[in-house]
Each structure stands twice: as C-alpha cells, then as structure tokens.
Amino acid sequence: MAKVTGIGGFFFRARDPKALAAWYETHLGIDDIAKTVWRQQEGPTVFTPFAENTDYFGRAGQQWLINFRVDDLDAMMADLKAAGIAVETRAEWDSEAGRFCRIHDPEGNPVELWEPSADNPG
Numbered sequence: 018m019a020k021v022t023g024i025g026g027f028f029f030r031a032r033d034p035k036a037l038a039a040w041y042e043t044h045l046g047i048d049d050i051a052k053t054v055w056r057q058q059e060g061p062t063v064f065t066p067f068a069e070n071t072d073y074f075g076r077a078g079q080q081w082l083i084n085f086r087v088d089d090l091d092a093m094m095a096d097l098k099a100a101g102i103a104v105e106t107r108a109e110w111d112s113e114a115g116r117f118c119r120i121h122d123p124e125g126n127p128v129e130l131w132e133p134s135a136d137n138p139g
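Heads up, the sequence shown is in our numbering, so the first residue is 18 and it goes up one at a time.
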C-alpha cells in the first residue's frame, strides 16, 4: 500500500497573508513561501484528531492547532517574550514526551511549541 511520507504544506486563511507570513518568519524562523520553501528537520510528527468538544485548542470555533518542534524551548520563550508576545505554559501540558508552551499569532491562531524530551525524542 502506498502511504504518505510527510506533510507537504499547511494552508490556512488570513486577513493579511503577507504580514502573517512575515510574523512567522521573524518570530519562529519559518521561511516565507514568497522567498523560499521552508525546510524543516526530520523528526516526529503527531497527527491526532481530537474530540469536537475539546477545550485544548482554545476558542470553541478553532478547528486546528499547529504544533512546532523547537530545539530550546526556554530560549524560544525568552525571545518571544522580549518581542512582546504572550507565552502561556501549564504544568499539565508537560509530560514524558517533553515540554510545551502556547502563543497566538497576530490573527489569534493558537501555536503550540514543543521541545521533545531527551529521553523521548519521538
């Protein structure tokens, strides 16, 4: 059987696509498609549907939550806070899988950041 080998793209609507692409490039290091294709490191990817009534994503109408792997969550959180971006952490989010935090992009979309644990890199 043929199978999917990875995520080829993540597409979503935005009020101001150019400004939002610039925000992701500036604060998360994700290349703007207008300049080049973003190449990420190989690593674990979790693809998991949640119950439709989950409150994990934030607001009730939110249909998706993107999660990005990071190599140094503490440094990333410090950089984001220095840029005036609110960073949320909760002890219950952290597990044997690693540590997590949550931010929101300028259009209110939740973005989860994950530093896999050294014992469980995926």
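We put the beta carbon where it would ideally sit given N, CA and C, even for glycine.
Going by C-alpha positions, L130 is about 22 Å away from T22. The alpha-carbon separation between Y41 and I24 amounts to approximately 18 Å.
In this structure, DSSP gives W131 an extended state, which the three-state scheme calls strand.
When beta bridges are read from the DSSP output, G115 appears opposite S112, P133. For F85, the enclosing beta strand (DSSP E) stretches over residues 83-86. Three or more Cβ pairs closer than 8 Å define a contact, and the segment 58-67 falls short of that threshold against the segment 27-41. Here R86 is near G60, since their CB atoms are less than 8 Å apart. The DSSP-derived three-state label of E42 is helix. Closest option to A77, judged by alpha-carbon separation, among R32, N126, S134: N126. G26 counts as exposed, since fewer than 16 other beta carbons sit within 10 angstroms of its beta carbon.
Here the alpha carbon of Q80 sits roughly 31 Å from the alpha carbon of A135. Considering only E132, P133, E124, the residue with the shortest C-alpha distance to R30 is E124.
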